[in-house]
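The structure appears right after this line, and notes come after that.
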Amino acid sequence: MTDLDRSLAFYTGLLGMRIGGHSLNQGAGQDLLDGLPGCLVDVVALQPQDQPTPHVELLHYREPPGPAPLPPPQANDVASVRQVHRVEGLDALVQALKSTGVPSSYGLVRLADGGNGAAVRDPDGHMIVLLD
Numbered sequence: 001m002t003d004l005d006r007s008l009a010f011y012t013g014l015l016g017m018r019i020g021g022h023s024l025n026q027g028a029g030q031d032l033l034d035g036l037p038g039c040l041v042d043v044v045a046l047q048p049q050d051q052p053t054p055h056v057e058l059l060h061y062r063e064p065p066g067p068a069p070l071p072p073p074q075a076n077d078v079a080s081v082r083q084v085h086r087v088e089g090l091d092a093l094v095q096a097l098k099s100t101g102v103p104s105s106y107g108l109v110r111l112a113d114g115g116n117g118a119a120v121r122d123p124d125g126h127m128i129v130l131l132d
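In full-length UniProt numbering, the protein residues as written are 1 to 132.
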């Protein structure tokens, strides 16, 4: 991610997650995981307010710059990465996200199971599907 503070504000302030842990990773093991030399990486675990798992990990590369970002995923991609979160008050959350300028789908989408969903993007463009 490019801006740790901005991403934390999005996930904790807008989506209501909490910080479950934070570490600064470095050394040969981290270099091997990332395929980059001399890594210094903030790893922040974010979790729902009421349970420790599943959680989201934010990776912020202090050194060297992280891997080049992939093009933003499209809803019709054959393969891509998305986060899927079940939330309460989906309509109000989507309106709050829109009011802060978060890129999102065009309101709520009615799903085949009768529920609703919406797609938004985090500050680095990762797609997040929100379900009620």
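Beta carbons: idealized from backbone N, C-alpha and C, even for Gly.
All of these numbers come straight from a predicted model, not from anything done at the bench.
Specify the secondary structure class of Q51 as computed by DSSP and reduced to three states.
coil
Roughly how far, in whole angstroms, is the beta-carbon of L108 from the beta-carbon of D122, given that I think they are within contact range, below 8 angstroms?
Their Cβ separation, rounded to whole angstroms, is 19 angstroms, which puts L108 and D122 out of contact at 8 angstroms.
Is it buried or exposed, A28, if we count other Cβ atoms within 10 angstroms and call 16 or more buried?
Counting the other CB atoms within 10 Å of its CB gives A28 a total below 16, which places it among the exposed residues.
Is it buried or exposed, A118, if we count other Cβ atoms within 10 angstroms and call 16 or more buried?
buried
Count the other CB atoms within 10 Å of the CB of L130; is the residue buried (16 or more) or exposed (fewer)?
buried
With distance defined between alpha-carbon atoms, name the residue in R82, Q83, L59 nearest to R6.
L59
Does the separation of the CB atoms of D3 and L24 fall below 8 angstroms?
Contact check for D3 against L24 fails: the beta carbons are separated by 8 angstroms or more.
Would you mind reading off the limits of the alpha helix (DSSP H) that contains L59?
Not the alpha helix (DSSP H): L59 falls in the beta strand (DSSP E), residues 56 to 63.
Excluding the five sequence neighbours on either side, which residues of its own chain have a C-beta within less than 6 angstroms of the C-beta of D132, listed in chain order?
L90, G115, N116
Rounded to the nearest angstrom, what separates S104 and D77 at their Cα positions?
17 angstroms
Using the three-state DSSP reduction, which class does G117 fall into: helix, strand or coil?
strand
Evaluate L111 with the Cβ neighbour count: other Cβ atoms within 10 Å of its Cβ, from every protein chain shown; 16 or more gives buried, anything less gives exposed.
exposed
Alpha carbons only, please: which of A96, V44, D34, A45 is nearest the one belonging to E63?
D34
In the DSSP assignment, the beta strand (DSSP E) including P23 goes from what residue to what residue?
Per the sequence shown, the amino acid found at residue 23 is Ser instead of Pro. Per DSSP, S23 is one residue of the beta strand (DSSP E) stretching across 18 to 26.
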